[in-house]
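Working notes, beginning with the structure itself.
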Amino acid sequence: MTDVERMVLRPNHEGEQCPVCGDRVSGYHYGLLTCESCKGFFKRTVQNKKQYQCSADANCHVDRTCRKRCPSCRFQKCLTMGMKMEAVRADRMRGGRNKFGSFYKRDRAHRLQRNAMRVTVIPSSGVTSQPQTFYTPADHQVSSSTTDQNTHIHYYDQTKVKTEFIKTEYDAHLQSPTLSSSTNQQISDFIMRPGYLVDHQDSIAALLNTTNEDHLIRFPTTYPLAEVKQEPFDYSEHHFVHHPLLEYQGYTSTANYAPMMPIPTVTTAQSVVTSTSSSTTGRVSEPTRTSPVLPLCPAPTEKTVDHFYNSNMAEMCKTLPDDSQIIRIFNAAKGMKGEAHSFAVTVADENLKVIVDWAKNNQLFGKLQLDDQMNLLQTSWSTVHLVDITNAMIHGNLSPTYKITTGEDVSVGAVALLGYRLYVNTWNDIVNRLRNMGFTKFDYCAFRFLALFDQSMDHFQAVSAARSRVLQAWAEVRCSFVSGFMSIFEEIRRLSHDAVRYLWSLQSNFPELWASLRPDTSLVLEMIKTSATRPTDVTSTVPHISVPLQQTTYAPVVYMTS
DNA sequence: CCTCAAGGCCAC
DNA sequence: GTGGCCTTGAGG
1 MTDVERMVLR PNHEGEQCPV CGDRVSGYHY GLLTCESCKG FFKRTVQNKK QYQCSADANC
61 HVDRTCRKRC PSCRFQKCLT MGMKMEAVRA DRMRGGRNKF GSFYKRDRAH RLQRNAMRVT
121 VIPSSGVTSQ PQTFYTPADH QVSSSTTDQN THIHYYDQTK VKTEFIKTEY DAHLQSPTLS
181 SSTNQQISDF IMRPGYLVDH QDSIAALLNT TNEDHLIRFP TTYPLAEVKQ EPFDYSEHHF
241 VHHPLLEYQG YTSTANYAPM MPIPTVTTAQ SVVTSTSSST TGRVSEPTRT SPVLPLCPAP
301 TEKTVDHFYN SNMAEMCKTL PDDSQIIRIF NAAKGMKGEA HSFAVTVADE NLKVIVDWAK
361 NNQLFGKLQL DDQMNLLQTS WSTVHLVDIT NAMIHGNLSP TYKITTGEDV SVGAVALLGY
421 RLYVNTWNDI VNRLRNMGFT KFDYCAFRFL ALFDQSMDHF QAVSAARSRV LQAWAEVRCS
481 FVSGFMSIFE EIRRLSHDAV RYLWSLQSNF PELWASLRPD TSLVLEMIKT SATRPTDVTS
541 TVPHISVPLQ QTTYAPVVYM TS
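Right under this line is the structure:
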């Protein structure tokens, strides 16, 4: 290697800013390019199992000048931006390389290309002539895969605080290398692999009430090149078998750091570190103010996101659409001209509007960039839709069949599955099981949020953190029931993706039927078409599932005439 | 042997 | 507790 080559290949973080505090980046630390101080802070926090309590609203601004003022918000920001607690070694072994090494390398290459392609945007106001680059968590963090079975990363011992027993699925992946994948993942990747170009979605963008300019600005910084794979998973290495949550054994996990998220209430005074160091004096101070001397930073940081992280199940439930909504949609759609598929698509179209409305009003979803919102919706809408109808069915809000204008009686299951009648009995069985298990509003709420924050999008820290919060809030109210419901949720998720796959197959297998569904005006069909016809079409790049799925194998497409 | 992301040290 | 600098050591 020549000196010149060495110079080129040497990591150059010159000018890079720490995504947590804006200080100068010194290298990759715990999965993220950060400064030396945030590295040290993160390490100390995790090693010493510190739990901080924000003295304000858990939304303190964090920058280089005030990063010391609120360790709680600083640590939260570390996590939000993508630092990984798993990268802090339990055995404190020095030196060597960990399993992130290859990802750091890939990320560097990624970054190199990104920098070459990066679009700089000069504010039109002319207030500053400094070109401004945009970055996001996804820009800084190293996407994670968890297939390395030789990892020496271990979790720390279990703690007994109630709120600690939920882990992110990412954590589960890490802890169980043999379970690091599942066929479910591949199914969702068929539907939506992260990192593809988002275009031709003007209608969805309009629904999201944003402009395409956002997309144009942001796109190059996130996915500069279509051929550069956004890399949460190496598809070639994954042979998904279980949903990792099924390994949780009723959510009594061995360890995790969920409690290091800002906690809404103080469980024990001793568990909270305050800057007054009360432990050294033996006095238990009231954990109210992180720093009694330093003023809080004035600018709020991610306030709305933090609000979501702090909300409980009851608060989450309040955001759900009215129960009668889905009934109204069914009743309105049954009067529309067209056969069963048309009925199903009309219902889906109308419910999609409700789903988009709900999603964009979610504090966390609303914070995502437009293309991320669209990615997320593309992956999740069908699951949310199926969850909605499932919930309505369980509670008897829908009649089992609807007579449409052709005179045909269409079962709710056929509508729920977008016309895919092959699995209607499977779905009916799911409805019955959930009903027998005592499916509550909380469970519906959790299902809906878990569907929205789809696990295949967990490479976005915000999404995985949101999932964690939902799971945690859900477990707080439903305790041991969660595990059982979770496996059924996975069945629903698979069914919903199969239904989408089926609907898209009509386009080639039954073009006349497809055309009758008015693909030019249907939001749902537009969404499906965009997924299937995007430049890096995953239908041709994702290997086929090698492990047949229970119940939902790639069944031959059957157009069931009535 | 070199790299670089871990942990450690210690002045502040 | 913080953060800059040092040491370590697996992997390339």
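Going by full-length UniProt numbering, 269 is the number at position 269 of the first sequence; the sequence numbering is gapless.
Positions of the beta carbon are idealized from the N, C-alpha and C atoms, including for glycine.
Bear in mind the structure is a predicted one, so any value in this text is a computation, not a measurement.
Complete runs of the alpha helix (DSSP H) confined to the stretch 348–422 [at least 4 residues]: 363–367, 370–394, 412–416
For His29, three-class secondary structure by DSSP: Here residue 29 refers to the residue found at position 29 when the first sequence is read from its first residue. Strand at His29.
Arg501, buried or exposed, once every other Cβ within 10 Å from all chains shown has been counted against 16: For the purposes of this step, residue 501 is taken as the residue at position 501 of the first sequence. Buried: at least 16 other Cβ atoms inside 10 Å.
Alpha carbon of Ile492 to alpha carbon of Leu434, nearest angstrom: Against the first sequence, residue 492 aligns to sequence position 492. Against the first sequence, residue 434 aligns to sequence position 434. Cα-Cα distance, rounded: 11 Å.
For Thr426: DSSP bridge partner residues: In the first sequence, counting from the first residue as 1, residue 426 sits at position 426. Paired residue(s): none; Thr426 is not in a bridge.
Alpha-carbon to alpha-carbon, Met486 and Leu352: As a working note, residue 352 is residue 352 in the first sequence. As a working note, residue 486 is residue 486 in the first sequence. Going by the C-alpha atoms only, they are around 23 Å apart.
Inter-residue Cα distance where the pair is Asp323 and Thr530: Numbered from 1 along the first sequence, position 323 holds the residue referred to as residue 323. Numbered from 1 along the first sequence, position 530 holds the residue referred to as residue 530. Asp323 and Thr530: Cα-Cα distance of roughly 30 Å.
Nearest-angstrom beta carbon gap, Leu386 and Leu525 [assumed within contact, 8 Å]: As a working mapping, residue 525 is identified with position 525 in the first sequence. As a working mapping, residue 386 is identified with position 386 in the first sequence. Leu525 to Leu386, Cβ: 17 Å. No contact.
Cutoff 8 Å; reference Glu16; Cβ partners in own chain excluding five residues on either side: Reading the first sequence from its first residue, position 16 is the one you call residue 16. For Glu16, where only same-chain residues beyond five positions count, the Cβ hits under 8 Å are Arg24, Val25, Leu33.
DSSP beta-bridge partners of Cys317: Counting from 1 along the first sequence, the entry for residue 317 is found at position 317. For Cys317, which the question treats as bridged, DSSP gives no partner whatsoever.
Cβ contact (3+ pairs, closer than 8 Å) linking the stretch 513–525 and the stretch 393–403: no
Residue span of the alpha helix (DSSP H) that contains Glu52, given as start and end: Counted from its first residue, the first sequence places residue 52 at position 52. The residue asked about is misnamed: residue 52 is Tyr in this sequence, not Glu. That residue, Tyr52, is in no alpha helix (DSSP H); it is neither H nor E in DSSP.
One or two residues paired with Thr34 in a DSSP bridge: To locate residue 34, count along the first sequence from 1; it is residue 34. Answer by DSSP bridge pairing, in chain order: Gly27.
Residue span of the alpha helix (DSSP H) that contains Val477, given as start and end: Numbered from its first residue, the first sequence carries residue 477 at position 477. Per DSSP, Val477 belongs to the alpha helix (DSSP H) from 461–478.
Rounded C-alpha distance that separates Cys70 from Asn425: Along the first sequence, one-based indexing puts residue 70 at 70. Along the first sequence, one-based indexing puts residue 425 at 425. Their backbone Cα atoms lie some 54 Å apart in a straight line.
C-alpha distance - Arg89 paired with Gln455, whole-angstrom precision: As a first step, residue 89 is located in the first sequence; it is residue number 89 there, counting from the start. As a first step, residue 455 is located in the first sequence; it is residue number 455 there, counting from the start. Using only the alpha carbons, I get a separation of about 26 Å.
Nearest-angstrom Cβ-Cβ length linking Cys35 and Cys60, presumed shorter than 8 Å: One-based indexing of the first sequence puts residue 35 at position 35. One-based indexing of the first sequence puts residue 60 at position 60. Not confirmed; about 18 Å, so no contact.
Candidates Thr383, Val482, Cys38, Ser411, of which the one nearest Asn428 by Cα: As a position in the first sequence, residue 428 is number 428, starting the count at 1. Considering only alpha carbons, the answer is Ser411.
DSSP bridge partner residues for Gln17 (one or two, in chain order): Here the question's residue 17 lines up with position 17 in the first sequence. Arg24, per the DSSP bridge assignment.
Cβ-based burial, Met93 [other Cβ within 10 Å; buried from 16]: Numbered from 1 along the first sequence, position 93 holds the residue referred to as residue 93. That one is exposed.
Coarse secondary structure for Gly338, derived from DSSP in three states: As a first step, residue 338 is located in the first sequence; it is residue number 338 there, counting from the start. In the structure shown, Gly338 sits in coil (DSSP, three-state: anything other than H, G, I, E or B).
Distance, Arg108 Cα to Phe75 Cα: One-based indexing of the first sequence puts residue 75 at position 75. One-based indexing of the first sequence puts residue 108 at position 108. Near 24 Å, if we compare the C-alpha coordinates of Arg108 and Phe75.
Nearest-angstrom Cβ-Cβ length linking Thr346 and Ala333, presumed shorter than 8 Å: Indexing the first sequence from 1 puts residue 346 at position 346. Indexing the first sequence from 1 puts residue 333 at position 333. With 8 Å as the limit, Thr346 and Ala333 qualify as a contact, their Cβ atoms being about 4 Å apart.
CB contact flag (Gln461, Met85, <8 Å): Position 461 of the first sequence, counting from 1, holds the residue named residue 461. Position 85 of the first sequence, counting from 1, holds the residue named residue 85. For Gln461 and Met85, no; Cβs fall outside 8 Å.
Member of Asp63, Ser522, Leu79 whose CA lies at the smallest distance from the CA of Ser504: On the first sequence, position 504 is the one that residue 504 refers to. The question names Ser, yet the displayed sequence has Trp at residue 504. Checking every option, the nearest Cα to that of Trp504 belongs to Ser522.
Check whether Met316 and Ala473 have beta carbons under 8 Å apart: Position 316 of the first sequence holds residue 316. Position 473 of the first sequence holds residue 473. Cβ distance < 8 Å, so Met316 and Ala473 count as in contact.
Buried or exposed (CB count within 10 angstroms, at least 16 for buried), Met336: In the first sequence, residue 336 corresponds to position 336, counting from 1. Under this definition Met336 is an exposed residue.
Neighbour-count burial assignment, Lys403, 16 or more Cβ in a 10 Å radius: As a working note, residue 403 is residue 403 in the first sequence. Classification for Lys403: exposed.
Exposed unless 16 or more other CB atoms sit within 10 angstroms - verdict on Asn391: Along the first sequence, read from residue 1 onward, the residue named residue 391 stands at position 391. Counting Cβ neighbours within 10 Å, Asn391 comes out buried, since at least 16 surround it.
Whole-angstrom C-beta distance between Val356 and Leu376, which should lie under 8 Å: As a working note, residue 376 is residue 376 in the first sequence. As a working note, residue 356 is residue 356 in the first sequence. Not confirmed; about 11 Å, so no contact.
Local conformation of Pro511 per DSSP, three classes: Here residue 511 refers to the residue found at position 511 of the first sequence. Residue state, collapsed to three classes: helix.
Simplified DSSP assignment, three categories, for Ser487: In the first sequence, counting from the first residue as 1, residue 487 sits at position 487. If DSSP states are grouped into helix, strand and coil, Ser487 belongs with the helices.
Enclosing alpha helix (DSSP H) for Thr533 [first to last residue]: As a first step, residue 533 is located in the first sequence; it is residue number 533 there, counting from the start. Where Thr533 is concerned, the enclosing alpha helix (DSSP H) stretches over 523–533.
Nearest neighbour of Gln481, chosen from Phe442, Lys360, Asp63, Arg328 [CA to CA]: Counted from its first residue, the first sequence places residue 481 at position 481. It should be pointed out that residue 481 corresponds to Phe in this sequence rather than to Gln. Cα-wise, what sits closest to Phe481 is Phe442.
Simplified DSSP assignment, three categories, for Arg67: Your numbering for residue 67 matches position 67 in the first sequence. In this structure, Arg67 counts as coil in the three-state DSSP scheme.
Simplified DSSP assignment, three categories, for Gly96: Here residue 96 refers to the residue found at position 96 of the first sequence. Coil.
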